[in-house]
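Throughout the first sequence, residue numbering follows our numbering, covering 13 to 515 in sequence.
Note that beta-carbon positions come from the ideal geometry of N, C-alpha and C, so glycine has one too.
Below is one structure, written out as structure tokens; comments come after it.
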Amino acid sequence: MVGGFAKNGDCVDCFRTFREYIRSGDHPDNYTLPLVIRVCRDTTDLQMGRLIHQIVHKFGLHSDPFVAAALVDMYAKCKVTDDAKTMFDTMLERDLVTWTVMIGAQTECGSANEALLLFDRMQEEGIVPDSVAMVNVVNACAKLGAMHKARLVHDYISRKKFWLTVVLGTAMIDMYAKCGCVESAREIFDRMRIKNVVTWTAMIAAYGYHGRGREALDLFSMMLMTGMVPNSITFVSILYACSHSGMVEDGLKLFSLMQEEYGVRPNVKHFTCVVDLLGRAGRLDEASSLIKNMAIEKDEGLWGALLGACRIYGHVELAEETARSLLELQPENAGHYVLLANIYARAGKWKDVARIRELMTHQRLKKVPGWTCIEVDNKIHQFTVGDHSHPQSKEIYEKLKCLCNKLELAGYVPDTNYVLHDVDEEWKRGILYTHSEKLAITFGLSATPEGSPIRITKNLRVCGDCHTFIKYVSLVANRLVIVRDANRFHHFKDGACSCGDYW
DNA sequence: GTAGGGTTAG
């Protein structure tokens with residue numbers, strides 16, 4: 013009975029009958045428990061999950077591999093890694109599935125590096141991975157954007173002759189794309205004999221966040237020709253691709269096609285893409301009336317897209333109005349305040365900037381610090397603004413100074429508009445100069461062979477001045493620079509960026 | 001009763 017409800021995803025009835033079952037004095041068994049735990053996982057009902065964990069302990073079933081694996085997974089999906097880890101560490105017998113769950117949990121909770129270490133440990137203990145385990149490892153590489161590691165994992169998969177299942181192949185497409193190499197992603201895509209809608213969507217999305225809207229559209233047409241039916245997520249991906257390539261008319265056409273031909277009801281993500289599409293193109297009035305007239309619940313992402321457009325076009329009034337709605341929904345998100353303050357700063361409204369800053373201090377809100385990573389010799393080097401913690405820090409700063417001089421001779425002018433503080437020009441230049449992107453790139457220039465591409469990953473959006481700086485680096489140092497920022501890729505070559513400054 | 005782990009999204 014309990015199992016039946018669990019399998020149908022009927023959580024209310026499942027929990028109710030489970031409670032009755034426990035109350036009746038019957039012992040829960042290791043067949044029913046994992047099913048109920050899975051329901052907790054899928055509904056991220058941590059409270060119920062913990063309750064069941066207590067029951068598991070009471071009946072001494074925590075050493076059962078099925079029960080334990082389900083518990084680890086439940087904690088991971090509820091984002092309480094510590095509990096997942098404790099559970100995992102105390103297990104007496106760990107089989108392949110338990111290891112796989114734990115590796116996946118680490119990636120999901122933002123410790124992809126940890127996940128890869130765990131994979132090494134698993135192999136040391138003599139556990140042989142299967143294709144599902146490899147999917148989790150591939151995911152960790154995707155999350156990290158670590159190209160070198162990605163190649164090693166790909167080699168391993170080929171060497172061990174893993175069958176390229178739809179899921180593993182799709183995960184690999186995603187991995188290569190998120191490591192900055194769309195070509196390798198496409199190679200995997202072309203080699204896959206069996207593709208499903210997720211596979212096509214992953215490849216379309218990849219073109220989208222690499223700013224290759226034309227190719228995303230071509231692939232979408234090809235998908236339709238093969239008879240594959242796009243789903244709601246496929247449309248999010250293709251709309252996103254259009255907005256990041258400035259293909260406004262194509263995007264709007266697809267938005268109607270989606271509803272009329274494919275019967276996909278637009279959700280808030282689709283609307284967000286269209287707001288972004290219109291907003292980036294400067295059609296702020298249309299974007300804002302679209303939001304006003306839509307019938308579904310608005311979320312912070314939607315308002316965020318509009319606020320982002322206000323930033324591009326310096327539309328202070330609309331920004332204020334938008335920020336009000338945004339902060340009503342998410343008053344604790346420091347990023348929103350920073351964005352608004354940014355808009356005020358660019359308009360020279362320093363009093364308003366100060367007001368926002370005060371608001372933040374008052375609520376003890378702190379912005380997530382920006383960082384940039386670069387992978388050199390199988391090691392990941394991370395930099396923050398004005399960072400001096402790197403062992404070669406002294407050399408890096410000297411090199412950076414020298415590099416800046418060279419770039420300025422080539423025509424680079426530091427754009428101090430990107431500095432939020434109301435300080436003098438010289439001071440502003442000093443802050444700009446030590447942005448984490450610049451430090452990572454300078455390090456990369458000397459730590460990698462001449463002429464080889466430089467790949468960096470940033471947790472936030474690239475700053476406008478750094479964007480210009482990198483263009484000049486690609487020209488002066490004659491290097492391809494691939495930047496993965498919080499939501500897309502930039503490929504810098506010969507002084508230009510693949511985003512066409514439209515980002 | 002052989003169950004528990006896997007891919008896409010601003």
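- Looking at the DSSP output, Ala-366 sits in no beta bridge, so it has no partner there.
- If you draw a straight line from the Cα of Ser-448 to the Cα of Asn-390, it is about 20 Å long.
- Tyr-188 is not a Cβ neighbour of Gly-220, given a cutoff of 8 Å.
- Under the three-state reduction of DSSP, His-222 is assigned to coil, being neither helix nor strand.
- Listed in chain order, the alpha helix (DSSP H) runs fully inside the region 84 to 117 are 93 to 102, counting runs of at least 4 residues.
- The beta carbons of Val-248 and Leu-290 sit no closer together than 8 Å.
- The distance from the Cβ of Ser-300 to that of Leu-314 is about 11 Å, inconsistent with a contact at the 8 Å cut-off.
- Here Thr-469 has Gly-157, Cys-385, Arg-496 as same chain residues with Cβ atoms under 6 Å from its own Cβ, once five neighbours each way along the sequence are excluded.
- Rounded to whole angstroms, Lys-418 and Asn-490 show a C-alpha spacing of 13 Å.
- In the displayed model, Lys-161 falls within a helix according to three-state DSSP.
- According to the DSSP assignment, His-282 belongs to the alpha helix (DSSP H) that extends over 280 to 292.
- Excluding the 5 residues flanking it on each side, Gly-181 has same chain C-beta neighbours closer than 7 Å at Ile-200, Met-204, Thr-211, in chain order.
- In this structure, Arg-323 keeps its C-beta atom at 8 Å or more from the C-beta atom of Ile-303.
- Only residues of its own chain outside the window of five on either side were considered, and among them Thr-119, Ala-124 have a CB closer than 7 Å to the CB of Lys-155, listed in chain order.
- By the criterion of at least three beta-carbon pairs nearer than 8 Å, the region 438 to 457 is in contact with the region 409 to 429.
- Around the beta carbon of Gly-326, a 10 Å sphere encloses fewer than 16 other beta carbons of the protein chains shown; the residue is thus reported as exposed.
- At a Cβ-Cβ threshold of 8 Å, Gly-463 and Ser-486 do not count as neighbours.
- Non-local beta-carbon contacts of Ala-18 in its own chain, meaning distances under 7 Å to residues more than five positions away in sequence, involve Cys-26, Leu-47, Val-48, Arg-50, Val-51 in chain order.
- Distances from the CA of Ala-197 to each of Asn-208, Gly-320, Trp-175, His-166 were compared; the closest alpha carbon is that of His-166.
- Ranked by Cα distance from Ala-127, the first of Asn-305, Gly-476, Val-109, Val-113 is Val-113.
- In the DSSP secondary-structure assignment, Phe-247 is not bridged to any residue.
- Taking C-beta separations shorter than 6 Å and ignoring five residues to either side along the sequence, the partners of Ile-392 in its chain run Cys-385, following chain order.
- Using a Cβ distance threshold of 8 Å, Pro-465 and Leu-421 do not count as a contacting pair.
- Per DSSP, Cys-385 lies in no alpha helix (DSSP H); the unbroken beta strand (DSSP E) holding it starts and ends at 383 to 388.
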